[in-house]
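S.K.: Below are the structure tokens for one structure; questions will follow.
There are 2 protein chains.
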Amino acid sequence: MRFSHQREVIKEILYATNSHPTADWVFSKVRMSIPSISLGTVYRNLKQLDYLGVIKTIYDGPITRYDWNNEPHDHFKCKKCGALVDVALSDSSIKENIKDKFNFKVDDVEITLIGTCNKHLKINK
Amino acid sequence: MRFSHQREVIKEILYATNSHPTADWVFSKVRMSIPSISLGTVYRNLKQLDYLGVIKTIYDGPITRYDWNNEPHDHFKCKKCGALVDVALSDSSIKENIKDKFNFKVDDVEITLIGTCNKHLKINK
DNA sequence: ATATTAATAGTAATAATTCCTATTACTATT
DNA sequence: AATAGTAATAGGAATTATTACTATTAATAT
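So the protein sequences, as listed, match chains H and A. Heads up: the first sequence at position 51 corresponds to 51 in this note's numbering, and the numbers run straight through without jumps. If you want this note's numbering, it's the 1-based position in the second sequence plus 1000.
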């Protein structure tokens, strides 16, 4: 795969946010520095970056998002505001336990916590 | 909400399969008994059945599927054939453990196992 | 039985994503 | 440095999934 300025910019934009943006959001951002870029190029490169393991595609219900954080981690989804936040299950043995419970060959365990984020709580812990 | 023959048939079709069908699959099935039904009716009723808690909408990557099994359970996704299979994490304390680990108010823990299903193994356990 | 009005069929509209093709621009080789 | 080969892009058309709109149909209360 040869060098592409567009792909570099898309990658930089993703790595500069924790907000798990959609393709459209990335598109509007890249346009600021490359006004001529097309949405197809954004989609194509996001797919390639995912294929390269540089980013990770995440499916937030029916919404497709992109995450620079390609380390194994999980997500917390807020029912109220829709925010999707990275979380780390400190005890990774949880996943190993789950893996062992099945006859299937389990490579990965994806966990999403659903709830309400601190923003909506009157009193924080 | 008043009675609708269409909704009843949609419900029966869902309850007769374990395959987590898409709206389109349901549409093609209902057509066999109600040829005049429209796709919009299928979508509307699937949404209502979900709202009533009679079925559950599940997001399998970018694909929206419907599941009659509204009991808490999780899924196994096969990388090879794309099959999505219901699984029960027998030890429900796993989820409680996870809930306790976070400051957020966690209502639910969704777990998806990713791997290869038995169909593709030369020798089964 | 009839009136009321929610639900439907059929179609148009929207949104997200992929596909297609002529043009552009990397890169290896002179 | 110029050129040839070809991968990547821009722009737009096409596709797919889903929702919205509206005239008609049918469930239910009276």
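All residues carry an ideal CB built from backbone N, CA and C; glycine is no exception. Since the structure is predicted, the reported quantities are computational estimates derived from the model, not experimental observations.
Quick one: what does DSSP say residue 1056 of chain A is sitting in, helix, strand or coil?
M.R.: Taking the first residue of the second sequence as 1, we reach residue 1056 of chain A at position 56. Strand.
S.K.: Give, in chain order, every residue of the stretch 1014-1045 of chain A whose Cβ lies closer than 7 Å to some Cβ of chain H.
M.R.: none
S.K.: Once DSSP output is grouped into helix, strand and coil, what is the label at residue 1121 of chain A?
M.R.: Locating residue 1121 of chain A in the second sequence gives position 121, counting from the first residue. Coil at residue 1121 of chain A, not helix or strand.
S.K.: If residue 1104 of chain A and residue 115 of chain H are in contact, beta carbons under 8 Å, what's the gap, nearest whole angstrom?
M.R.: Counting from one through the second sequence, the residue named residue 1104 of chain A turns up at place 104. Counting from one through the first sequence, the residue named residue 115 of chain H turns up at place 115. Indeed, because the Cβ distance is near 5 Å, the residues count as touching under 8 Å.
S.K.: Kindly say whether residue 1100 of chain A, judged by its beta-carbon, lies nearer than 8 Å to any beta-carbon of chain H.
M.R.: As a first step, residue 1100 of chain A must be located in the second sequence, where it is residue number 100. It does not; no Cβ of chain H falls within 8 Å.
S.K.: In this structure, how does DSSP classify residue 1096 of chain A when only helix, strand and coil are distinguished?
M.R.: Counted from its first residue, the second sequence places residue 1096 of chain A at position 96. Per DSSP, reduced to three states, the secondary structure at residue 1096 of chain A is helical.
S.K.: For residue 1118 of chain A and chain H, any beta-carbon pair shorter than 8 Å?
M.R.: On the second sequence, position 118 is the one that residue 1118 of chain A refers to. So, interface residue.
S.K.: Which of helix, strand or coil does DSSP assign to residue 111 of chain H?
M.R.: For this step, residue 111 of chain H is matched to residue 111 along the first sequence. In the structure shown, residue 111 of chain H sits in a strand (DSSP, three-state: E or B).
S.K.: Assuming residue 22 of chain H and residue 77 of chain H form a contact by the criterion Cβ under 8 Å, report the distance between their Cβ atoms to the nearest whole angstrom.
M.R.: Taking the first sequence and counting its residues from 1, one reaches residue 22 of chain H at position 22. Taking the first sequence and counting its residues from 1, one reaches residue 77 of chain H at position 77. The pair is not a contact, with the Cβ atoms about 15 Å apart (cut-off 8 Å).
S.K.: I'd like to know whether the C-beta atoms of residue 1042 of chain A and residue 1063 of chain A end up nearer to each other than 8 Å.
M.R.: Taking the first residue of the second sequence as 1, we reach residue 1042 of chain A at position 42. Taking the first residue of the second sequence as 1, we reach residue 1063 of chain A at position 63. With respect to residue 1063 of chain A, residue 1042 of chain A sits apart: the two C-beta atoms are not nearer than 8 Å.
S.K.: Once you ignore the five residues that flank residue 74 of chain H on each side, which residues in its own chain have a CB closer than 8 Å to its CB?
M.R.: By one-based count along the first sequence, residue 74 of chain H stands at place 74. Within the same chain, residue 74 of chain H has close Cβ partners 86, 87, 88, 89, 110, 111, 112, 113.
S.K.: Could you give the first and the last residue of the continuous alpha helix (DSSP H) run that contains residue 10 of chain H?
M.R.: If you number the first sequence from 1, residue 10 of chain H lands on position 10. Boundaries of the alpha helix (DSSP H) around residue 10 of chain H: 5-15.
S.K.: Between residue 60 of chain H and the rest of its own chain, which residues show a CB-CB distance below 6 Å, the 5 nearest in sequence each way excluded?
M.R.: Along the first sequence, one-based indexing puts residue 60 of chain H at 60. Here the set comprises 84.
S.K.: Under 8 Å between beta-carbons, which chain A residues line up against residue 62 of chain H? List them in chain order, please.
M.R.: In the first sequence, residue 62 of chain H corresponds to position 62, counting from 1. Under the 8 Å cutoff, chain A gives 1059, 1062, 1064.
S.K.: Could you pull the start and end residues of the beta strand (DSSP E) that residue 80 of chain H belongs to?
M.R.: Position 80 of the first sequence, counted from the first residue, corresponds to residue 80 of chain H. That residue, residue 80 of chain H, is in no beta strand (DSSP E); it is neither H nor E in DSSP.
S.K.: If you compare alpha carbons, which of A:1015, A:1048, A:1058 is closest to residue 1002 of chain A?
M.R.: Position 2 of the second sequence, counted from the start, is the residue given in the question as residue 1002 of chain A. Here the closest residue by C-alpha is A:1048.
S.K.: With 16 other CB atoms within 10 Å as the buried threshold, where does residue 1046 of chain A fall?
M.R.: Reading the second sequence from its first residue, position 46 is the one you call residue 1046 of chain A. Residue 1046 of chain A should be labelled buried.
S.K.: Would you report the Cα separation of residue 1008 of chain A and residue 1071 of chain A, rounded to the nearest angstrom?
M.R.: The residue given as residue 1008 of chain A occupies position 8 in the second sequence. The residue given as residue 1071 of chain A occupies position 71 in the second sequence. A straight-line Cα-Cα distance of about 20 Å links residue 1008 of chain A and residue 1071 of chain A.
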